[in-house]
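Data block below; observations after.
Numbering (the working numbering), first residue to last: 12 to 247.
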């Protein structure tokens, strides 16, 4: 019964997290259409948008989808397969909006995405070269999934540093962070129940980092939800 409930929680909150960027992507698409109708020849939509989380979410979901297929675990491969489709839509939407940017910008975007896929198949080839059984391959591939998940969870550390420097708590969205904490806790507990450390360890680290982010947000926010501290402008 407990395992069944944890499986549902893992699936639901994973899907919620994969859907979380859709509002921003749709807003960018609407802004892009407005600029397009205005007749702008060059449209820059991503000067202040960090695309790295989209790349890592895309490839990480593909890693876990493949791993879920290998171990025959519906709880792993169904939400991650959904996540792969979602992130494919996000990346495709970004590519469409980059058609009006410089050719250099488009080349960098496509090259970066291609490098992530080369990394994926490189990992598969490397593991295949020194494993002699499918069970060993699954184990090492799961370790690779865990490693890239840790890298994905570690990427928001720069945001925590920025919040501490600017005292702008809005950089850490409260609802999304709570959902991520619940999701990481559920996956950690699920990994413990099925004795899969490749699932448990990276999500445990993700839970710790998310709780740190929430702690930082609480530190710079007062009881009314306003930023407690304000950095004074630097004067000569």
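Beta carbons: idealized from backbone N, C-alpha and C, even for Gly.
- Residue 87 and residue 27 have their C-alpha atoms some 15 Å from each other.
- Where residue 232 is concerned, there is no enclosing alpha helix (DSSP H), because DSSP gives it neither an H nor an E.
- C-alpha of residue 77 to C-alpha of residue 190: approximately 24 Å in a straight line.
- Proximity of the region 86–106 to the region 115–128 meets the contact definition, three or more beta-carbon pairs being nearer than 8 Å.
- Between residue 20 and the set 74, 90 and 69, the nearest pair of CA atoms involves 90.
- Around the beta-carbon of residue 165, fewer than 16 other beta-carbon atoms lie within 10 Å, marking it exposed.
- Around the beta carbon of residue 174, 16 or more other beta carbons sit within 10 angstroms, so the residue counts as buried.
- The C-beta distance from residue 70 to residue 131 rounds to 6 Å, short enough to meet the 8 Å contact threshold.
- Shown here, residue 84 sits in coil according to DSSP, grouped into three states, outside any helix or strand.
- Contiguous alpha helix (DSSP H) elements confined to the region 185–224 occur at 185–204, taking only those with 4 or more residues.
- For residue 18 and residue 163, the gap between their C-alpha atoms comes out near 22 Å.
- The three-state reading of DSSP puts residue 63 in helix, counting H, G and I together.
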